[in-house]
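Step one of this worksheet: look at the structure below.
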Amino acid sequence: MIEDKGHRVTDYFVVAGLTDKSTSLEQDLSETKSSGPKAPITDLAVINRSAGETVPEGFTCIENTYSGQPANLNHGSLKSPELFLCYKRGRGKPPLTDIGVLYEGKERLIQGCEVIKATPYGRCANVNNSSTTSQRIFITLRRAHPVQPQNSLAVTDICVIIASKGETPPHTFCKVEKNLNCGMWGSSVFLCYKKSVSASNSISYKAGLIFRYPEEDYESFPLSESVPLFCLPMGAKIECWAPNTRDPLPVFSTFVLTISSGEKVYGSAIQFYESYSINLLSEKQKIQLGLLTAVEKKVIPNRSVNTNKCICLLSRWPFFESFRKFLMFIYKLSVSGPHPLPIEKHISHFMHNVSFPSPQRPRILVQLSVHDTLILSQPVCTPLPLSGADYGTLLMNLGSENCATLLHFVLLESKILLHSLRPAVLTGVAEAVVAMIFPFQWQCPYIPLCPLSLADVLNAPCPFIVGVDSRYFDLYDPPPDVVCVDLDTNTIYLSDEKRHSNWKNLPKKPCKALIHTLSNLQHQLATVSVRQAPHS
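Quick note on numbering: the UniProt record's numbering labels position 184 of the sequence shown as 184, and the sequence is numbered without any gaps.
Printed below as a string of structure tokens:
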């Protein structure tokens, strides 16, 4: 045990990933709703059933909405043709990244998008049901670049909803806010689509500890065995990449651990990929990864095998941005070189020789190299407890009314599940959600970034605030009594019994003032964001 002596900038440096002792996650996922990752959608087509058109080869037609209504794009119209949307999955061409609707003549086509102007049989693919106007409406799509990073997002599902029948977007789906029907008669028909990480053939394992520094535990804070699980919440993976796959950029994420004393410990992590030797794979693994054909055992050429790894800093202080810069510096050192100083020397210096900010020296400038610096600032002294809260991200992702609705559910001690495909936002938002009930304190389970292997906590009988990667929903359905907050689509999903619970249940006058203030702040943040955005 190492004796504790005053404030430390950081406590531990950890490397997590695939180890010899890593156990497979496949058994844990045996009861999931999905047999495996869906191939992304690569093509769309509109067919005219009234003209006798059939589903093109390799395509799947969306016959019904989620509630069982016919998914006719001209639903409810009397004289308009029956139009249906078809999609095709695959990995042989770049997937779709966005789907949209174009009102011809009223707006310009966004650069990089394609318009579906005709059916596969040559007929017009105008989906507007109005015969009294010349307005034409077409479905548009945007395709990914032929050479794309491994962890890029793609459209993985699409559906049709009829809003006039009370249908709403399914969980994790994004709604295209343009009605396909502009006529006086007919239903309000909308397209919805879901985006997820474009999955490749992979095998998942529980992440293990590869390296730690220091090797001994601190007396007040022993290193938990679960830390690697939080570093790689979706598991340590062996992945098979296609020839046109680019190495993805490192992904930054944060998490919070609660130690035995009740004190919070903040984790800052960067996940990246390294090549993995094919010689270490068994024949069964090679078949699972698509490196060998299942029957003839023939080698499939031009495939690369890679595994994800993570470097992480653990600290009692939420210096997230400073830690991100340091971890990126270490990562860049690891993929370049040689260097005059070993990487371990940089880590040791940062952990032991960098002073903690104090009232006498509130800002510490750390010179990492000739070109790399970072600043550690003394935590601001406020009545609010110290946390890693990011109120701006919470407001910009949910808006004023949904923030007030979320406050309502926190005060009621509900089961709250935050989720996003962007791991970097989850902890900051969860910390803000917990902090916004000050002076009250959240005393129930709290896991801002929950590993997939620990997701059984969602079945707990008590209230909780938990954050997960949105890919969780590709594998599981959440319990019906959980309030699901989608940070990517600005949507709060509720069970039928909670359908009418929202910010309007809060005291009327103070809630109105709160929403007005939040709306003004959101507008100011949006203005600043536009000014800071790089000009194209």
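Backbone N, C-alpha and C fix where the C-beta goes; we use that ideal spot for every residue, glycine too.
{"query": "Within the region 440-482, ranges of the beta strand (DSSP E) (whole runs, at least 3 residues)", "result": "464-469"}
{"query": "Within 7 Å, strictly: CB atoms of Y266 and V305", "result": "no"}
{"query": "Secondary structure of H419, DSSP reduced to three states", "result": "strand"}
{"query": "Cβ distance (whole Å) where H346 is taken to contact I364 below 8 Å", "result": "Not quite, the Cβ-Cβ distance comes to about 16 Å (not below 8 Å), so this is no contact."}
{"query": "Buried or exposed (CB count within 10 angstroms, at least 16 for buried), T254", "result": "buried"}
{"query": "Three-state class that DSSP yields for A118 in the structure shown", "result": "strand"}
{"query": "Residue range of the unbroken alpha helix (DSSP H) whose run includes I278", "result": "No alpha helix (DSSP H) holds I278; DSSP gives it neither H nor E."}
{"query": "DSSP three-state assignment for H535, whether helix, strand or coil", "result": "With a pLDDT of only 49 at H535, under 50, the local geometry of the prediction cannot be trusted, and no value is derived from it."}
{"query": "Backbone CA spacing between S536 and I110 [nearest angstrom]", "result": "Note that S536 has pLDDT 42, beneath the 50 cutoff, so the model's placement of it is unreliable and the number below is only indicative. Whole-angstrom Cα-Cα distance: 15 Å."}
{"query": "CA nearest to the CA of residue 559, picked from P70, H75 and S387", "result": "As shown, the chain starts at 1 and ends at 536. That puts residue 559 outside it, with no answer to give."}
{"query": "Of the listed residues P95, N128 and E114, nearest to F84 (C-alpha basis)", "result": "N128"}
{"query": "Opening and closing residue of the alpha helix (DSSP H) in which A404 lies", "result": "Y391 to L411"}
{"query": "Sequence-distant residues of its chain with Cβ nearer than 8 Å to W241 (five each side left out)", "result": "Q150, S200, R303, S304, V305 and N306"}
{"query": "Three-pair Cβ contact test at 8 Å for the region 155-164 versus the region 184-198", "result": "yes"}
{"query": "Burial state of K237 (16 or more Cβ within 10 Å)", "result": "buried"}
{"query": "CB of A389 within 7 Å of CB of A424, strictly", "result": "no"}
{"query": "Under the three-state DSSP convention, the category F356 falls into", "result": "coil"}
{"query": "Length of the line joining the Cα atoms of S24 and G17", "result": "13 Å"}
{"query": "Assigned exposure category for H419 - 16 Cβ within 10 Å defines buried", "result": "buried"}
{"query": "Given T489 as reference, the closest of R142, L394 and P445 once Cα atoms are compared", "result": "L394"}
{"query": "Distance between beta carbons of L180 and R143, contact taken as under 8 Å", "result": "In fact, because the Cβ distance is near 21 Å, the residues do not count as touching under 8 Å."}
{"query": "Rounded C-alpha distance that separates S204 from A269", "result": "19 Å"}
{"query": "Contiguous beta strand (DSSP E) assignments of at least 3 residues, all confined to the region 217-295", "result": "236-241, 251-258 and 264-275"}
{"query": "C403 versus L518, E216 and K178, residue with shortest Cα-Cα distance", "result": "L518"}
{"query": "Per-residue burial, H456 [other beta carbons within 10 Å of its own, 16 or more giving buried]", "result": "Here residue 456 turns out to be Asp, not His, going by the sequence shown. Exposed, since its Cβ has fewer than 16 Cβ neighbours within 10 Å."}
{"query": "DSSP three-state assignment for K298, whether helix, strand or coil", "result": "coil"}
{"query": "Assumed close pair K415, V485 - CB separation to whole angstroms, cut-off 8 Å", "result": "With 8 Å as the limit, K415 and V485 do not qualify as a contact, their Cβ atoms being about 11 Å apart."}
{"query": "The region 438-446 in contact with the region 460-475 per 3-pair CB rule at 8 Å", "result": "yes"}
{"query": "Three or more C-beta pairs below 8 Å linking the region 50-64 and the region 218-225", "result": "no"}
{"query": "Residues that T491 bridges to, as DSSP identifies them", "result": "D486"}
{"query": "Same chain, Cβ closer than 6 Å to P379, five either side skipped, listed in chain order", "result": "L386"}
{"query": "Residue of S260, V528 and N244 minimising C-alpha distance to V147", "result": "N244"}
{"query": "Opening and closing residue of the beta strand (DSSP E) in which residue 538 lies", "result": "The requested residue 538 is not part of the displayed model; the chain covers only 1 to 536."}
{"query": "Chain-order list of residues whose beta-carbon lies under 7 Å from that of I68 (same chain, five-residue window excluded)", "result": "The amino acid at residue 68 is misidentified as Ile; the sequence shows Gly. Excluding sequence neighbours, G68 sits near nothing in its chain."}
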